[in-house]
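What follows is a short report on a single structure.
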Amino acid sequence: MNVIYKTGPDGSRFSVFTTRLERYSVANLYIKMKLLFLFSVVVISCHAVSVFDLVQEQWSFFKAQHEKEYESETEERFRMKIFMENSHKIAKHNKLFAQGKVSYKIGLNKYADMLHHEFISILNGFNKTKSNKLYGNKQNDAITFIEPANVILPKSVDWRTSGAVTPVKDQGHCGSCWSFSATGALEGQHFRKTRQLVSLSEQNLVDCSHKYGNNGCNGGLMDNAFRYIKANGGIDTEQSYPYHAEDGVCHYDPKKSGATDRGYVDIPSGSETSLMSAVATIGPVSVAIDASHETFQLYSDGVYSDPECSAEQLDHGVLVVGYGTENGKDYWLVKNSWGNSWGLDGYIKIARNSNNMCGIATQASYPLV
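Number 85 in full-length UniProt numbering belongs to position 85 of the sequence shown; there are no gaps in the numbering.
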């Protein structure tokens with residue numbers, strides 16, 4: 001037995017007797033605490049490494065999935081930073097969706113490595129100032145849509161099921177959305193007339209319709225595209241005049257023409273009732289929308305509704321191919337031109353009967369065939 005002397009508060013000395021077993025227990029406790037501390041450090045380090053590995057794995061998968069290649073290591077680090085920031089925004093937004101506070105989800109798509117202002121400057125090419133961009137004799141080209149009387153409209157429509165819609169296309173890094181909207185509407189009308197679905201050439205419009213007020217990859221209007229097609233006597237097929245996502249020299253070949261039009265019909269601005277009637281009775285309709293919001297860039301599922309979405313500041317041409325109701329929410333079924341990895345296999349559902357959400361009924365039209 002050992003005797004350990006200690007000094008009390010009053011200066012007196014007293015003894016503490018410790019046995020060998022007690023000394024062993026204290027030492028053993030110290031060793032266990034030290035080992036526990038070291039183990040905790042290792043666990044924390046391993047956790048940090050696993051999180052880093054997870055991010056790297058997600059980034060590698062993203063690059064492989066969308067065939068991403070960057071010019072330098074610096075650019076890749078920059079793109080990865082944007083990707084991680086968007087991942088955080090997605091998680092935050094989808095938490096609100098899970099709580100029932102928003103009606104749609106967003107997710108990682110091939111545009112998740114792009115800054116938002118960079119994204120809209122490249123892909124959104126609808127010219128907003130329609131009155132300043134119309135060329136030709138409007139009276140000879142356009143008429144105003146009149147809703148048919150005594151027609152009971154179906155509760156839902158999807159022209160894809162009728163065979164009137166070509167597969168989703170991809171405009172690439174070119175502001176040619178207007179050309180895809182125009183070809184989509186004409187493809188639908190041509191199908192309804194001939195029962196043949198022919199994919200038409202957006203590149204033909206990009207290269208050849210400058211005289212009618214369009215600017216290729218720098219934007220345009222669907223109505224101006226319809227004007228060009230009428231005056232030109234047709235538009236080539238996609239197969240004969242393939243898309244290159246850049247401005248080129250016009251080489252339209254009348255022998256390769258796939259369809260034509262006799263002008264176009266404008267739907268009364270702002271009327272969702274008229275738009276619904278046109279979609280139900282006529283077919284797919286060209287529309288312009290406000291697609292300038294980050295949530296639109298990353299949209300993945302659900303009925304899109306954003307209180308900040310403008311009914312007047314339109315910057316993107318798309319195609320309405322139907323309408324319906326999902327979980328009590330009315331929607332427009334819209335075909336986009338950003339590839340089938342975006343949204344719902346290339347489509348988006350935009351809120352219907354919701355104060356002209358995103359301006360979907362502001363500038364709607366379709367070609368006459």
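Where is the CB? At the ideal position from N, CA and C, for every residue including glycine.
Keep in mind that this is a model prediction, so the values were computed, not measured.
Would you give the residue range spanned by the alpha helix (DSSP H) that W338 belongs to? In this chain, W338 is not harboured by any alpha helix (DSSP H), its DSSP state being neither H nor E.
Bridge-paired residues (DSSP) for N94: Partner(s): none; N94 has no beta bridge.
Can you tell me whether E85 is helix, strand or coil according to DSSP? helix
Between P367 and D261, how many whole angstroms is the CB-CB distance? I'm expecting something under 8 Å. 4 Å
List the residues that DSSP assigns as beta-bridge partners of K193. Looking at the DSSP assignment, K193 forms no beta bridge with any residue, so it has no partner.
According to DSSP, which residues form a beta bridge with K105? BP columns for K105 point to D301.
Integer-rounded CB distance, given that L319 should sit under 8 Å from S181: That belief holds up - the Cβ atoms of S181 and L319 are roughly 5 Å apart, short of 8 Å.
Taking a contact to mean a Cβ-Cβ separation below 8 Å, would you say A259 touches I282 in this structure? no
Decide if I229 is buried, meaning its Cβ has at least 16 other Cβ atoms within 10 Å, or exposed. buried
Of the listed residues S271, P254, A225 and G219, nearest to D247 (C-alpha basis): Among S271, P254, A225 and G219, the Cα nearest to that of D247 is on G219.
Can you give me the start and stop residues for the beta strand (DSSP E) that S365 sits inside? First-last of the beta strand (DSSP E) with S365: S365 to P367.
Entirely within the segment 200-285 and at least 4 residues each: give me those alpha helix (DSSP H) ranges in chain order. 202-208, 222-232 and 272-281
Can you say whether G322 is buried or exposed, counting buried as having 16 or more other CB atoms within 10 angstroms of its CB? buried
Is there contact here, the segment 170-189 with the segment 305-319, by at least three beta-carbon pairs under 8 Å? The segment 170-189, when compared against the segment 305-319, does touch it at the 8 Å Cβ threshold.
Let me make sure I understand the geometry here. Which of T237, K95 and N109 has the alpha-carbon closest to that of S103? K95
Below 8 Å, how does it come out for the segment 301-311 and the segment 334-351: are there three or more Cβ pairs, yes or no? yes
Per the contact definition of three or more C-beta pairs closer than 8 Å, is the segment 191-210 in contact with the segment 237-252? yes
Which partner residues of V320 appear in the DSSP bridge assignment? V285 and V334
Straight-line CA distance for Y212 to F61? 44 Å
In the DSSP output, which residue or residues are listed as bridge partners for Y70? DSSP lists no partner for Y70.
So what's V157 in DSSP terms, helix, strand or just coil? strand
Could you tell me the distance, in whole angstroms, from the CA atom of G359 to the CA atom of L153? One C-alpha to the other measures close to 22 Å.
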